[in-house]
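The opening residue of the sequence shown carries number 6 in my numbering; numbering runs sequentially from there.
We put the CB at the ideal spot given by N, CA and C, even for glycine.
Working notes, structure below.
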Amino acid sequence: MSATWPRVGRLVYGGAAIALGLVGLRWGDFATVWQPVLASEPHRAALAYVVALALVLGGGAVLARGAARIGAVLLGGITLSFAMLWLPRVVRYPQLAGTWLGFLEQFALVVAAMVVYVTVEPFREDEARSARAVTFGRVLLGVCALSFGISHFASLPQTAGMVPRWLPPGQRFWAAATGVFHLLAAAALLTGVRAQLAARLLTVMLLGFGALVWVPMLVANPGAHMTWAGNAVNLAIAGATWVVADALASSSASTSQHPTPTTGGLPSRAARTRGRLPGRIAPRPS
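In structure tokens form, the structure reads like this:
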């Protein structure tokens with residue numbers, strides 16, 4: 006990883022977790038559209054406050070460089086729990102894109118927590134381990150983006166209804182176009198071709214959703230729990246894609262700064278005689 010640890014995505018991800026936690030504390034409830042805790046759950050209200058407080062603490066820890074790994078574990082555990090709550094619906098209704106969407110929206114936040122954990126300072130000495138984890142996170146985010154794109158087309162009328170009417174050339178156009186953009190981002194992330202650019206553009210698109218869809222909904226109905234929670238969740242997912250984009254950029258910069266010495270496409274004699282690896286295998290960048 007590069008010497009300058011990527012901060013912006015981490016700040017957005019941690020800040021969004023704090024915002025979601027504050028929303029939970031304000032309403033004393035889960036954001037049930039995304040956090041499907043049953044109304045019959047024992048001590049549900051108390052549990053909602055505990056989870057909301059944990060989101061605030063976890064987000065705050067992620068913002069602090071020295072405590073980022075602790076915060077990542079806490080946020081990863083919370084969002085993984087919510088993702089697991091979606092699994093019964095996925096198993097029961099696997100044909101519904103909405104159940105997969107609910108599961109993978111939460112799982113995208115788990116991916117971000119994993120990437121934050123492996124890209125903090127203590128893992129710098131093990132470049133190979135961090136690089137493998139970032140690659141794994143990239144692929145998992147690609148699976149999430151694939152689900153996001155499919156859900157756009159599976160629920161095209163509902164998606165179009167969320168697009169501002171004043172935005173040319175029309176609501177259905179942008180519902181379909183953003184679905185295609187999600188699928189293209191998924192292809193890039195899954196294959197690794199232009200993955201960093203795809204993660205950046207996916208982040209911009211998600212932030213655009215927030216500015217054009219969720220913020221106006223909040224302005225129009227500032228007293229609704231769902232609009233506040235929706236803004237926070239959308240920002241958290243944008244932060245998750247930003248975290249992965251930052252990690253890919255950092256990994257790419259590290260590779261370019263420490264290229265493998267070669268001669269005519271083969272490892273050079275100097276590379277073979279450094280003593281780190283035998284024969285014709287070039288040493289790993291350090």
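So residue 15 and residue 67 are supposed to be a Cβ contact under 8 Å. How far apart are they, rounded? Taking the sequence shown and counting its residues from 1, one reaches residue 15 at position 10. Taking the sequence shown and counting its residues from 1, one reaches residue 67 at position 62. Sure, about 6 Å apart at Cβ, within 8 Å.
Secondary structure at residue 157, three-state DSSP: helix, strand or coil? By one-based count along the sequence shown, residue 157 stands at place 152. Helix.
Near residue 69, what residues of its chain come up, given a Cβ to Cβ distance below 8 Å and the 5 sequence neighbours on each side ignored? In the sequence shown, counting from the first residue as 1, residue 69 sits at position 64. The answer, listed in chain order, is 76.
Could you name the residues of the same chain whose beta carbon sits closer than 6 Å to that of residue 36, not counting the 5 residues immediately before and after it, in chain order? Against the sequence shown, residue 36 aligns to sequence position 31. Around residue 36: 234.
Neighbourhood of residue 10 by C-beta, 8 Å cutoff - its chain only, sequence neighbours within 5 removed: Walking along the sequence shown from the start, residue 10 turns up at place 5. Residue placement at residue 10 is poorly supported in this model, since its pLDDT is 41, which falls under 50; the coordinates are not used for a value here.
Measuring only the C-alpha atoms, how far is residue 171 from residue 83? The count along the sequence shown starts at 1 and reaches residue 171 at position 166. The count along the sequence shown starts at 1 and reaches residue 83 at position 78. Near 38 Å, if we compare the C-alpha coordinates of residue 83 and residue 171.
Given this structure, state the Cα-to-Cα distance separating residue 178 from residue 100, to the nearest angstrom. Working through the sequence shown from its first residue, we reach residue 178 at position 173. Working through the sequence shown from its first residue, we reach residue 100 at position 95. So the two alpha carbons sit approximately 25 Å from each other.
Please tell me whether, using a cut-off of 7 Å, the distance from the CB of residue 97 to the nearest non-hydrogen atom of the ligand SAH is below it. Summarising the ligand content, the structure contains no ligands, and the ligand SAH is consequently not present.
Return helix, strand or coil for residue 44, following the three-state DSSP convention. Taking the sequence shown and counting its residues from 1, the one referred to as residue 44 is at position 39. Here residue 44 sits in coil by DSSP.
Which parts of the segment 16-95 are runs of the alpha helix (DSSP H), unbroken and 4 residues or longer, counting only runs that do not cross its ends? 49-68
Looking at residue 159 and residue 201, is the spacing between their C-beta atoms short of 8 Å? Here residue 201 refers to the residue found at position 196 of the sequence shown. Here residue 159 refers to the residue found at position 154 of the sequence shown. Contact: no.
Under three-state DSSP, which class holds residue 122? Numbered from 1 along the sequence shown, position 117 holds the residue referred to as residue 122. If DSSP states are grouped into helix, strand and coil, residue 122 belongs with the helices.
What's the gap between the Cα of residue 59 and the Cα of residue 180? Counting from 1 along the sequence shown, the entry for residue 59 is found at position 54. Counting from 1 along the sequence shown, the entry for residue 180 is found at position 175. Going from the Cα of residue 59 to the Cα of residue 180 covers about 35 Å.
Flag this pair as yes or no: are the beta carbons of residue 194 and residue 203 separated by less than 8 Å? One-based indexing of the sequence shown puts residue 194 at position 189. One-based indexing of the sequence shown puts residue 203 at position 198. Result yes, Cβ atoms of residue 194 and residue 203 sit closer than 8 Å.
Use the C-beta contact count for residue 45: other C-beta atoms within 10 angstroms, 16 or more gives buried, fewer gives exposed. For the purposes of this step, residue 45 is taken as residue 40 along the sequence shown, with counting starting at 1. Exposed: under 16 other Cβ atoms inside 10 Å.
Short check: CB of residue 223 to CB of residue 232, under 8 Å? Here residue 223 refers to the residue found at position 218 when the sequence shown is read from its first residue. Here residue 232 refers to the residue found at position 227 when the sequence shown is read from its first residue. Contact flag set, yes.
Taking DSSP as the reference, what is the three-state secondary structure of residue 249? Locating residue 249 in the sequence shown gives position 244, where the first residue counts as 1. If DSSP states are grouped into helix, strand and coil, residue 249 belongs with the helices.
Nearest-angstrom Cα distance between residue 38 and residue 188? Counted from its first residue, the sequence shown places residue 38 at position 33. Counted from its first residue, the sequence shown places residue 188 at position 183. Each residue's alpha carbon lies about 23 Å from the other.
Restricting to Cα atoms, I'd like to know which of 133, 186 and 73 is closest to residue 153. Here residue 153 is taken as the residue at index 148 of the sequence shown, counted from 1. When only C-alpha atoms are compared, the closest one is 186.
Can you give me the C-alpha to C-alpha distance between residue 47 and residue 20, rounded to a whole angstrom? Residue numbering aside, residue 47 sits at position 42 when the sequence shown is read from its first letter. Residue numbering aside, residue 20 sits at position 15 when the sequence shown is read from its first letter. Spanning the two alpha carbons is a distance of roughly 30 Å.
Alpha carbon to alpha carbon, how far is residue 140 from residue 219? Give it in angstroms, no decimals. Counted from its first residue, the sequence shown places residue 219 at position 214. Counted from its first residue, the sequence shown places residue 140 at position 135. Between residue 219 and residue 140, the C-alpha separation is close to 31 Å.
According to DSSP, is residue 172 part of a helix, a strand, or is it coil? Along the sequence shown, read from residue 1 onward, the residue named residue 172 stands at position 167. Residue 172: coil per DSSP, three-state reduction.
Do you know how far the Cα of residue 96 is from the Cα of residue 32? Walking along the sequence shown from the start, residue 32 turns up at place 27. Walking along the sequence shown from the start, residue 96 turns up at place 91. Roughly 31 Å separates the two Cα atoms.
Taking residue 217 as the reference, which of 114, 89, 113 and 176 has the closest Cα? Reading the sequence shown from its first residue, position 212 is the one you call residue 217. Out of 114, 89, 113 and 176, 176 has the C-alpha closest to the C-alpha of residue 217.
In whole angstroms, what separates the C-alpha of residue 210 from that of residue 198? Counted from its first residue, the sequence shown places residue 210 at position 205. Counted from its first residue, the sequence shown places residue 198 at position 193. Straight-line Cα distance between these residues: approximately 19 Å.
Selection from 34, 41, 43 and 74 that minimises the alpha carbon distance to residue 57: The residue you call residue 57 lines up with position 52 of the sequence shown. Here the closest residue by C-alpha is 34.
Terminal residues of the continuous alpha helix (DSSP H) containing residue 221? Within the sequence shown, numbered from 1, the residue matching residue 221 stands at position 216. Run containing residue 221: 220-225, per the alpha helix (DSSP H) assignment.
My guess is that residue 119 and residue 138 are in contact by the Cβ rule of under 8 Å, so how many angstroms apart are they, rounded? Against the sequence shown, residue 119 aligns to sequence position 114. Against the sequence shown, residue 138 aligns to sequence position 133. Correct: roughly 7 Å between the Cβ atoms.
Round the Cβ separation of residue 41 and residue 90 to the nearest angstrom and send it over; I've been treating them as touching at under 8 Å. The residue you call residue 41 lines up with position 36 of the sequence shown. The residue you call residue 90 lines up with position 85 of the sequence shown. Yes, residue 41 and residue 90 are in contact; Cβ-Cβ is about 5 Å, under 8 Å.
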